[in-house]
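In case it helps, mature numbering (1 follows the signal peptide of the UniProt record, and there is no 0) puts the sequence shown at residues -24 to -1, 1 to 277.
Yeah, the Cβ is synthetic: ideal placement off N, Cα and C, and Gly gets one too.
From a predicted model like this one, the values you see are computed outputs, not experimental measurements.
Remarks on the structure that follows.
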Amino acid sequence: MLDRLLLVIHLVLAFYTTLANCAAQEPLILPGYKVGETIPVSCLNRTIDTGEHITDASGQLSYIPFPICNETGRPFELLFGVEKDINCTIDFIDDPFFHLLEFYVHNDAPLTCRIPTKPIPPSLLMKEFEAGTTDNTDGQGSLSEVYTPMIVALAGTLQLSHLHVSTNLNVLVHAAAKSVAPGTIAAVTAYSVSRDPPTRIVIGDNLPLRFSVRWYPNTSLPSGWTGVGGHLTFSTLVYCILSALASAAVCVAYFRGVELPRRLKSHGKDRLGGMERGGLGGYGIANGNGNGYGYGVGKRD
Ligand SMILES: *[C@@H]1O[C@H](CO)[C@@H](O)[C@H](O)[C@H]1NC(C)=O
Ligand SMILES: *[C@@H]1O[C@H](CO)[C@@H](O)[C@H](O)[C@H]1NC(C)=O
Ligand SMILES: *[C@@H]1O[C@H](CO)[C@@H](O)[C@H](O)[C@H]1NC(C)=O
Ligand SMILES: *[C@@H]1O[C@H](CO)[C@@H](O)[C@H](O)[C@H]1NC(C)=O
């Protein structure tokens, strides 16, 4: 009887523990993005005098929404799994923003942005902040896993009175493989295409950013180059094998038909004329060259 009672208590306890564990792990089983869902982009706020990052009262790095695009009236955002070209014109470059642009293109500070790895429910955001899970070493606390960093490598040059900014940018986003973690961001990067003519910027101008967004369904980067030095296609492989065979055949024919008879002939001559044609002649010439070079250098000193 006591055994049974203990067993029941044990089962109840086990059930309760499992429940508690599930509740504790709730953030790990967040649903992923659906295709087409919007992904907000936020960037590190920086001081305009030194370009240093700004932290809030609790020591967290202060991320603020990407500037508003004139085209949409909203901050720049990505759409999960949607490849498209997005125009984002930042309407009026004020003095502080101009100084930040100077830091970015002069590589004093990167344009550090981030996107949520999975959609963040508002309740989770609140919980993270209330729990005070602040890690002062990187200032991101436990939220750092919730976001994926996105460095925008903005290229340009600093001029005396103005800036040249390469405003055409490529954005590459890797989703985690669907079988591993559906709807989850694995990596993202953005970079200026410096080859294109830059845009001249002064305070009060607008900044016409042109993003080309491409998505990859897993973390491996496909080869994008099919010419010389690129990946080996089947036809390239067949071509290589065939030409290798053909040149081998030519070599064999040459050796058998021309070189071998000649060698046989001269071998016969050598035997007749003794060893006057020494095999070490080549070495002698090489040594002479080496000595001459060494001597010349020594003399110059
Ligand atoms: C960014 O930091 C500056 C300087 O502390 C502050 O004036 C500004 O309001 C911040 N930007 C946002 C959007 O919070
Ligand atoms: C941005 O939008 C405002 C109002 O919506 C408009 O007056 C302005 O001309 C636009 N600027 C650009 C560069 O499109
Ligand atoms: C973006 O702007 C360029 C001109 O700068 C224009 O040619 C292109 O059609 C625009 N693209 C979109 C998607 O609006
Ligand atoms: C990753 O996705 C590409 C398609 O872009 C596919 O060809 C490749 O096989 C995938 N790699 C893995 C490891 O699943």
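DSSP-derived helix/strand/coil call for H29: Counted from its first residue, the sequence shown places residue 29 at position 53. Collapsing the DSSP output to three states places H29 in a strand.
Burial state of G159, where buried means 16 or more other Cβ atoms lie within 10 Å: On the sequence shown, position 183 is the one that residue 159 refers to. With 16 or more other Cβ atoms within 10 Å, it is buried.
Assuming Y9 is part of the beta strand (DSSP E), what are its boundary residues? For the purposes of this step, residue 9 is identified with residue 33 of the sequence shown, where counting begins at 1. Counting along the chain, Y9 falls outside any beta strand (DSSP E), and DSSP gives it neither H nor E.
Please report how far the alpha carbon of L236 lies from the alpha carbon of Y192, in whole angstroms. Counting from 1 along the sequence shown, the entry for residue 236 is found at position 260. Counting from 1 along the sequence shown, the entry for residue 192 is found at position 216. In this structure, the alpha-carbon of L236 lies about 58 Å from that of Y192.
Within 10 Å of its beta-carbon, does L139 have 16 or more other beta-carbons around it, so buried, or fewer, so exposed? Locating residue 139 in the sequence shown gives position 163, counting from the first residue. By the neighbour-count rule (16 or more Cβ atoms within 10 Å), L139 is buried.
Please indicate yes or no: does the CB of N21 lie closer than 6 Å to some heavy atom of ligand 1? On the sequence shown, residue 21 is found 45 positions in, with the first residue counted as 1. Yes.
Kindly indicate which three-state DSSP category D61 falls into: helix, strand or coil? Stepping through the sequence shown from its first residue, residue 61 is reached at position 85. Strand, per DSSP.
Within the same chain, show all residues whose beta-carbon is closer than 7 Å to that of K241, passing over the 5 residues directly before and after it, in chain order. On the sequence shown, residue 241 is found 265 positions in, with the first residue counted as 1. There are no such residues.
Assess, as a yes-or-no matter, whether the segment 8 to 15 is touched by the segment 73 to 80 under the definition of 3 or more beta carbon pairs within less than 8 Å. no
Close beta carbons around N265, own chain, < 7 Å, minus the five adjacent residues each side: By 1-based counting over the sequence shown, the position of residue 265 is 289. In this predicted model, N265 has a pLDDT of only 39, less than 50, meaning its place in the structure is not dependable; the value taken from the coordinates is given anyway. For N265, there are no CB contacts under 7 Å within the same chain when 5 residues up- and downstream are skipped.
List in chain order the residues whose CB is within less than 7 Å of at least one heavy atom of ligand 4. A153, Y192, P193, N194, S196 and P198
Would A224 be called buried (16 or more neighbouring beta carbons within 10 Å of its own) or exposed? The residue given as residue 224 occupies position 248 in the sequence shown. Exposed is the call here.
Identify, in the order they occur along the chain, each residue of the same chain with its Cβ nearer than 6 Å to the Cβ of N194, setting aside the five sequence neighbours on each side. On the sequence shown, position 218 is the one that residue 194 refers to. Correct list, in chain order: A153.
Going by DSSP in three states, H138 sits in which element: helix, strand or coil? Along the sequence shown, read from residue 1 onward, the residue named residue 138 stands at position 162. It is coil, neither helix nor strand.
Check whether D67 and G27 have beta carbons under 7 Å apart: Residue numbering aside, residue 67 sits at position 91 when the sequence shown is read from its first letter. Residue numbering aside, residue 27 sits at position 51 when the sequence shown is read from its first letter. Note that the C-beta distance between D67 and G27 is not below 7 Å.
Quick one: give me the first and last residue of the alpha helix (DSSP H) that P72 is part of. Reading the sequence shown from its first residue, position 96 is the one you call residue 72. Note, P72: alpha helix (DSSP H), D71 to V81.
Roughly how many angstroms separate the alpha carbons of E53 and V149, rounded to a whole number? On the sequence shown, position 77 is the one that residue 53 refers to. On the sequence shown, position 173 is the one that residue 149 refers to. Approximately 13 Å between the Cα atoms of the pair.
May I ask which residues mark the beginning and end of the beta strand (DSSP E) holding V169? Residue 169 sits at position 193 when you count from the first residue of the sequence shown. Counted as a single uninterrupted DSSP element, the stretch harbouring V169 is not any beta strand (DSSP E), since DSSP gives it neither H nor E.
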